[in-house]
């Protein structure tokens, strides 16, 4: 029964995506971005929310499956900024966000959200590689530090990306279309074959 | 007047109450925290996308209210109310000697959030103090407790495999949650390269197959959701709310009061017995006294210690049942956080379904089948799993369609093991009452002075060395190690501060968990432990509680107390 419901939701989402003209190659146009970024209330300023929407769409675009904007990641992230994040964390994340905009202005002469999806991707990929260079951690570290993940060259950007990507992958859209998630598996099967259809299991767990 | 008062409704208290009620005693359970209800108080129905703040507790709230509790692996925004606010429940530690006291003040206590790993102590554990001279010699041996382990395992339901190991006795098990293919590969590699070491399914208090005695209480089989720490509406793991308190309630002999903080236990110097407890309502701060013929203190190790030390009288100026000066001493936890993780490049091309509530266990082998440059030993908990979406999505730079594509693929297998080492009983590791500071109910706060010693430091090194060797034995590439033991307390196995022993001058409790000094006072939480073993201790607390309740009722009927 659960599988049937899941399949039905899958087909409904596919039809919905066809209606809104989803492409298989991904990325929102600047106009579509602007439209997506104007819906709902946000704590961020309008320009910053548009910037956030563009960044989320660049990290996880709509392809043959929903992307971060479809999954409502910008709004969820905006809520986190003003409910979960401390003032220092909020400043750090907004700083990382606006740094991406400054990069776009410096390299392309216009704001990040004003770039085409292809341009956004081309601009951000090398920046991403530099920012996520892993720095050495002290040799003897406690397990707690292990679980915090790697130390990045640009930790603010690393945290911003991590949050946006995680918010996408724990969204209903991602857990329905990208990964496999059953809230109540019901049975432990310690060994099942891997097929071309096998996907990682999703959820809020660490791994 | 009640026949019995049980202080605390957690792992030990609810079992004590059940056993006392089932033997016909009108029993009052006093819980300092608020009332919770099985099912209604849980958040296990929340889907991942419904978690408040994506499962994260607001950072300022962590800093202000949960700086200690947030160190617990099981805490999230979905269940933060299961933990105390550190800001409201202070304790002190010496400068530079932290101790993380993880607590849940509510009906059911930490039985709601426990890790459910359930292992018996063995004959060698009960003999360890006598053998090497640390701590007080246990007044009981394995054979004394074995039938009570049986009794508890049948009642709570423990999934596990029979292995025939002297250092980890078998029990009355439900079918185990089987090892996955990488764990079987790991098992074969470890057991062939290191004879005497064993890799077995983790023994866990989740109902792999609910039995009639579980179903009578409304409990059903585990749905392998691995959401246990949010409470389980299926009642599939043992907790006071799902299991022991309902069993006590159905006798008609149980009364529960919540929001009632025990200030002290009242002692009558004429009879030498405890007559009742003084209680403060946590909301109104009104005081009340409850009386009973027999009192069980199951307020958790440090909680019981606080109550005893605060129960001062002319007869016991240093605290009730403390003529030995051992109340508060010998605080132990388990060495924790010593972990090794490795990627298996040649792992099997299979997967698994479900989120099992346990993993693998490696029983102690040092000073069993292999020597150690230290006393006692350690076991490992762990598991093997295929690296999932987080690693694929965030493990390297990249974005866009490529990121989505790579995240759809199963990652390599990773094996992870974490050592749990035995701490020696050391009288200098001690809980006392703070001389000046009191909580908002006027009760002196506890001062916890505890550190790991040279034996534990030596053991910690070996845990990592052995862990690496075992991961490498299966062809694993070690990618991460946690080589520094966690802050004491984070094992959440604190114990030992009202130890059992044969000598009343050197211990607090006798072989029936009965205070040497106060015959109708029984203590069956972790404070009773004379040594810690390296096994997760809750099963032993429950077995001791059931056994003590049995004897307490016999003593009452015989007019001995």
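Protein chains in written order, with the working numbering: chain W, 135 to 341; chain D, -1 to 559.
Glycine is no exception: its CB is placed at the ideal position from the N, C-alpha and C atoms.
Nothing here was measured: the structure is a model prediction, and the numbers come from that model.
A direct Cα-Cα distance of roughly 11 Å separates residue 433/D from residue 441/D. Scanning its chain for C-beta atoms nearer than 6 Å, with the 5 sequence neighbours on each side dropped, one finds around residue 194/W the residues 201, 202, 302, in chain order.
Here the C-alpha atom of residue 318/D lies approximately 59 Å from the C-alpha atom of residue 408/D.
For residue 411/D, the enclosing beta strand (DSSP E) covers residues 411 to 420. In terms of beta-carbon proximity, residue 156/D stays away from the interface with chain W, with every pair separated by 8 Å or more. The C-alpha of residue 266/D lies about 17 Å from the C-alpha of residue 277/D. Taking C-beta atoms as the reference points, residue 289/D and residue 273/D count as a pair closer than 8 Å. Shortest Cα-Cα distance from residue 252/W to any of 198/W, 220/W, 189/W involves 189/W. Within the segment 372 to 414 of chain D, the runs of beta strand (DSSP E) at least 3 residues long that lie entirely inside it are, in chain order, 376 to 384. About 7 Å separates the CB atoms of residue 427/D and residue 328/D; that is less than 8 Å, so the two are in contact.
Taking each of 383/D, 508/D, 291/D, 471/D in turn and checking the Cα distance to residue 555/D, the smallest one comes out for 291/D. Per the coordinates, the alpha-carbon of residue 74/D lies some 6 Å from the alpha-carbon of residue 54/D.
Three or more beta-carbon pairs separated by less than 8 Å link the segment 378 to 386 of chain D to the segment 165 to 185 of chain D, which places the two stretches in contact. Remark: three or more beta-carbon pairs, one from each stretch, lie closer than 8 Å, so the segment 484 to 501 of chain D and the segment 120 to 138 of chain D are flagged as touching. The criterion of a C-beta distance shorter than 8 Å is satisfied by residue 262/D and residue 309/D.
In its chain, beyond the 5 residues on either side, 384, 408 have a beta carbon closer than 7 Å to the beta carbon of residue 349/D.
Our two residues, residue 225/D and residue 78/D, have alpha carbons roughly 14 Å apart in a direct line. In this chain, residue 257/D is not harboured by any alpha helix (DSSP H), its DSSP state being neither H nor E. For residue 445/D, the three-state secondary structure derived from DSSP is strand.
Minimum Cα-Cα distance from residue 478/D among the listed residues 52/D, 336/D, 521/D corresponds to 336/D.
Secondary structure of residue 234/D (DSSP, three-state): coil. Contact with chain D is found for residue 332/W, since one of that chain's Cβ atoms lies less than 8 Å from the residue's Cβ. Taking 8 Å as the cut-off, the Cβ atoms of residue 202/D and residue 157/D count as close. The C-beta of residue 258/W comes closer than 8 Å to at least one C-beta of chain D.
With three or more CB-CB distances shorter than 8 Å, the segment 447 to 459 of chain D counts as touching the segment 474 to 492 of chain D.
In the DSSP assignment, the residues bridged to residue 264/D are 274/D. Rounded to whole angstroms, the Cβ separation of residue 397/D and residue 262/W is 6 Å, and the two are in contact under 8 Å.
In terms of Cα proximity to residue 40/D, the closest of 404/D, 151/D, 106/D is 106/D. Distance from the Cα of residue 394/D is smallest, within the candidate group 292/W, 310/W, 257/W, 333/W, for 292/W.
Cβ neighbours of residue 139/D within its own chain (closer than 8 Å, five residues either side excluded): 121, 124, 125. Take residue 377/D, set aside five residues on each side of it, and the residues of its chain with a beta-carbon closer than 7 Å to its own are 359, 360, 361, 362, 418, 532, 533, in chain order.
Residue contact with chain W for residue 222/D: present (Cβ-Cβ distance below 8 Å to some residue of chain W).
Contact annotation: residue 84/D and residue 100/D have beta-carbon atoms that are not nearer than 8 Å. The beta carbon of residue 541/D sits no closer than 8 Å to any beta carbon of chain W.
Around the C-beta of residue 300/W, 16 or more other C-beta atoms lie within 10 Å, and the residue is accordingly described as buried. The way I'd put it, the segment 512 to 520 of chain D doesn't touch the segment 460 to 479 of chain D; fewer than three beta-carbon pairs between them come closer than 8 Å.
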